[in-house]
Structures are given as C-alpha cells and as structure tokens.
Amino acid sequence: MSDNFLLETTAVIDFLFKPKLKEKIFSVLHDASQKTTLNYVKMEIKRGFLNNLVLLYNKIRESNKLSDVFDYLSTISSTPLKKQLSTMLEALAICSREVERERPDRIREEYGNVDNQLIEIAGILRLKILRLFRQVDKMVDTLLNPMDCFVDIKPPVEMKKWGRIDNKPSWCSGSKKECSIKKFFIDNVNSFKQIYEQLKEIPEKDRDVETQKRIKSLKKILGLLPSSTRYFGNHHQNYRLCWNCGDAVIAVATPENFIVLNNNESHYLPICRIIGKKSMTYR
Amino acid sequence: MPQSIDKRAKETEIILKSFDVFKESIIDAGFDFQTTFPEVPIETVKLQTRLLGTIDEYKTDVLKGKPPTEQEKLSAEKLYGVSGQVGNSGIGKIVDIINECREYLRLALENFEEEALRENQMVLLLSCIYEFDYHRMPSENLYDLIINLKYGLYNHRTRTYKEEEIQGLKQVFDLMRKTLFMSDEMLDSCLDILDKCGFELSAPFTDVDIDCNV
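Protein chains in written order, with the numbering used here: chain A, -5 to 277; chain B, 19 to 232.
The following block contains the structure:
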C-alpha cells in the first residue's frame, strides 16, 4: 500500500526552487496515496522566505545597478538574511551573465549589446513570487489547517502602478486578540510536553541553535497555556515562540497515517519518534 | 454571481473601456490633424465620424452580448500583419519571432526520432529567443515569460530534450501568438503547461542554499 505524506516548509521550498531536490522529492511522492501540507507551512513561507524574496525583488526594481543592490544587502543586520539574499542575487547574476554570453554573434552584430541584467533578474523573481502559493496549492491534494492558522492568507500582490510587490496581509485578521493556535497547543498539550521533556534531555553541547530555541519556546508556551489572561498570538510580544518551534508544531499537526517528508533528519526524526509519528528525509 | 457570468461581465467592461479609449484617441487625433492640416478638415471629420460610428456599433453588439463571428475574431497576425507586411513594426516583429520559434519547435517535434535534427532545432530556438530583447514587448507578463523561457532553455543545454518538453514549449508559443497582451490568467496557463511537461524554470536557484528559518 502506498504512503501518505505531509510536506514540511523546507520540503515545499526545495520542491519549487531546487530542480535536483525536486527530482528526489518527486520520486518519493509519485507513488503517494495522498500529499498534503499545512496552512501553517504557507504562513511560515509567507512571513519568511517569500518576504525575503519580495524585499530582494523590490530593491532590484528600485535600483539602477546590480552593485547598488549588493551594497544594500551588505548593510542588512541579520547575518543569515544578508547571506541568503546575497547568495541568491549572486546566483542570479552569474546565471544572467552566462545567458548573456551565449547571445549569438549574428544578433549582437545586427542589433548590438543589451544591458538587461537587472530587468531580467527581476523578471525571474517576479514570476516565482507571484506564483509560489499557487504552486504550493497545486503540489498537494489537500491543505490542512487544524490550528486555524492565518485563515485569510493571501499570495503577494503586484502594485502595477509602482512596479513593486506587496506581501500583505502580514497578519491574520482572525487573530486580533490571540491566535487560535493556543487552542491547538492546549488540545495537544501532552504531545508538546513529551517533546519538551525529551528534547531537554539532549546535552547542551549537542543542541544546535534551532533546538535551543525550540526548547526555550516550548517551555514558555507550555507555561502560558493554563492562563486565560496571558494571551498568545501575533499581536503580542510572544508571537515568535510559535515560529521557533515550527518543526514541533508541524510534526504534531501531521495526521496519524501520514509521514512527515523533510530535509532535516536531525530535527524531525527525534521529534516524530517522541510522539509516535513517522519521518522521512529526502536528502 | 456565478463565476462565468462574473468573468463575462469583467471582460465586457474591459472591452467597453477599450472602445472608449479608442474613441478618445480618434477625437484627439482628429483635432491634431485638423490643426496641422486646416485645408482638409471636411474629409477628416467624415473619416472621424465614420470611425466613431463603427465603434458605437461594436459597443452596442458587445452590450447585447453578441459573440463575434469567426471572420470578426482577430488573431495577432490579422491585427498586426504577417511576416513581410508589417514585420518591421514592434509588435509585427514580435509576431515574426514567435512564429520562427514555433517553426523550430514544429520541426523538432516532427523529427523527434532524428535526434541530431531535433536537438539542432532546439539550439536554434535558444538563439532565436535572444532576438526578443530588442523589441518592445506588448506586456510585462509576456516579457517575463520570455525571460524565464530564455533562462530555462539556456539551463537545459546540458541535456537532450524529451518529447513532452518540446510539446509543452510549442503549446506555450502557440498561446503567445494568440494573446500577445498576456493576462495574468494566460501567464498562469503557460506556466502550468511548462510545469506539467517538466520544463524547469527554477535552474538559476539550483546552487542557492535556502534556509526557510531565515
């Protein structure tokens, strides 16, 4: 009997952006009975990777030279974001230079050289950004949302007048007071407690940064659940707690008969084992 | 409101707006013409009146929901002329290049089993696509689609083509020819075709290490 799979956030992005990994994921999924992901995954993509792509696109559209964009990126204070956007721009720039080198001599002689590099890079990013959510919807059979996360999530929109892209809404309108995910944590408190207790046992020297954040955040979330006056949501300062333990949330939200398809065995395998879920890594 | 009726109403609104823009342009052009050549105002006014009357007739047909006959439907070629007639104009030239690309793809499909012949057509297709860069595109969506195709074809150069990839590309160029002013929906259809046939547009990101937690 074929398996059912739930794709976590990085698996979705790898499928859509990494042709080589796409082949690997496809070879796993092509026999699957059911493929699914979570609205929570879409939310993670929107507030993270997609936001970063939109920033890069808008800066490119705003600039006259590629070097201006690189200069701007070098001033970003978050090192991982700076690194990711610079690497992406560098890859696109290299690709565009290679494509330009292939311009046939006949065309070059007839019409001359062209300097479309920035426009072309923007064109590549534009279609990726505007289509990302549509592609996510197409790659799965169903989209689950057991925690009612960001129910009115929307893809970014193009402001044709300005030639820019806007990634609004940034926040879920259904979470004015607090996020419904608090109820999800309450309903699944035993699973989250088990994860917290077991992860806590990992010696500190063996914990990576994400695991450290996950343990801290789970502790804080579990601490505020019994209180009806301590709100938890994206309008409160504690909103990052939820994002910091995204891997645990995704594993808990995965239906019983589904396998979490992921690219990070060191995170997902222990979490899934603790709560009796299955994990598969495609790397 | 059902989606199809809603879509039809939107289309009608766009067509009617276009007619209004068309009428305004004729009135403006007529005014300019009469100012520049005051000796021929009567002929100009007659022509202007006739054109405005024809547009009003079309507007009435659109409001009545009368579908155009086959003869009335305009393809890009009918509208902008075929190769050799208005080939030097911007859009006419784009139609020419699209047709040249379609021809390479047609030959590649017809001779699919003749590997060298087929692959040569695909080499020519990539060369041809560079020519789009020198002509003003009628829509941003068409321009971005062409760019993505150019990068996709370039990154495909280390592999031979599968039949479904060539078929997908042919379908996309056929759609381009029909609708140069590519709507968002049409662009989606083209990209869906490319997705379905396995033609890869993500190659520029291959070596980028994407961390979703950033």
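From the three backbone atoms N, C-alpha and C, an ideal C-beta is built for every residue, glycine too.
- In its chain, beyond the 5 residues on either side, C208, I211 and L212 have a beta carbon closer than 7 Å to the beta carbon of V190(B).
- Note that the stretch 193 to 208 of chain A does not touch the stretch 171 to 182 of chain A; fewer than 3 beta-carbon pairs, one per stretch, sit closer than 8 Å.
- If you compare the alpha carbons of E149(B), G110(B) and E128(B) with that of Q139(B), the shortest gap goes to E128(B).
- Residue pairing from DSSP places T30(A) in a beta bridge opposite L0(A) and T136(A).
- Identification of chain A residues near C230(B) by a Cβ-Cβ cut-off of 8 Å yields T3, T4, I7, E38, I39, G42 and F43, ordered along the chain.
- When the Cα atoms are used, S174(A) and F144(A) turn out to be separated by approximately 9 Å.
- No Cβ of chain A is located within less than 8 Å of the beta carbon of T197(B).
- Using a C-beta cut-off of 8 Å, the stretch 182 to 201 of chain B makes no contact with the stretch 58 to 73 of chain A, since fewer than three inter-stretch Cβ pairs fall below that distance.
- By the Cβ criterion, the stretch 69 to 80 of chain B is not in contact with the stretch 116 to 134 of chain B, since fewer than three pairs of Cβ atoms, one from each stretch, lie closer than 8 Å.
- The Cβ atoms of L263(A) and A5(A) do not sit closer than 8 Å to each other.
- For K188(B), the enclosing alpha helix (DSSP H) covers residues E181 to K196.
- Any Cβ of chain B closer than 8 Å to the Cβ of R267(A) would place that residue at the interface, and such an atom is absent.
- What T81(A) touches in chain B, judged by beta-carbon distance under 7 Å, is V226 and D227, going in chain order.
- Around the beta carbon of I244(A), 16 or more other beta carbons sit within 10 angstroms, so the residue counts as buried.
- Under the 8 Å criterion on CB atoms, D162(B) is classed as interfacial with respect to chain A.
- With a cutoff of 8 Å on beta-carbon distance, I54(A) and L112(A) are scored as near each other.
- Under the Cβ criterion of 8 Å, I32(B) is not counted among the residues facing chain A.
- According to DSSP, residue pairing for S273(A) in a beta bridge involves V254(A).
- At a cut-off of 8 Å between C-beta atoms, A85(A) counts as an interface residue with respect to chain B.
- For R158(A), there is no enclosing alpha helix (DSSP H); the enclosing beta strand (DSSP E) has its first and last residue at R158 to D160.
- With a cut-off of 8 Å on Cβ pairs, the stretch 99 to 111 of chain A is not in contact with the stretch 41 to 50 of chain A, counting fewer than three such pairs.
- Flagged as an interface residue toward chain B: F11(A), by a C-beta distance shorter than 8 Å.
- A buried status is given to P222(B), since no fewer than 16 other beta-carbon atoms sit within 10 Å of its beta-carbon.
- Its Cα nearest to that of K14(A), the residue D227(B) stands out among D227(B), G186(B) and A47(B).
- One thing to note: L138(A) has its Cβ within 8 Å of the Cβ of L32(A).
- Between the stretch 92 to 102 of chain A and the stretch 141 to 160 of chain B there are three or more C-beta pairs closer than 8 Å, enough to call the two in contact.
- Apart from sequence neighbours up to five positions away, the residues of its chain that approach N161(A) with a beta-carbon distance below 8 Å are K40, L44, N45, V48 and P150, ordered along the chain.
- From the listed residues D206(B), F37(B) and K41(B), the smallest Cα separation to L160(B) is found for D206(B).
- Straight across, the Cα-Cα distance linking E84(A) with L144(B) is about 23 Å.
- The closest CA to that of G48(B), considering only K64(B), K35(B), F37(B) and H174(B), is found on K64(B).
- Cα atoms of T30(B) and L81(B): separation of roughly 7 Å, rounded to the nearest angstrom.
- A distance below 6 Å between beta-carbons, with the five flanking residues on each side excluded, links R136(B) to the following residues of its chain, in chain order: A126, N129 and F130.
- Straight across, the Cα-Cα distance linking N258(A) with N184(A) is about 24 Å.
- Under the three-state reduction of DSSP output, V151(A) falls in the strand class.
- Looking at the backbone, the Cα of L70(B) and that of R26(B) are separated by about 24 Å.
- Between F9(A) and the set S273(A), R224(A) and V134(A), the nearest pair of CA atoms involves V134(A).
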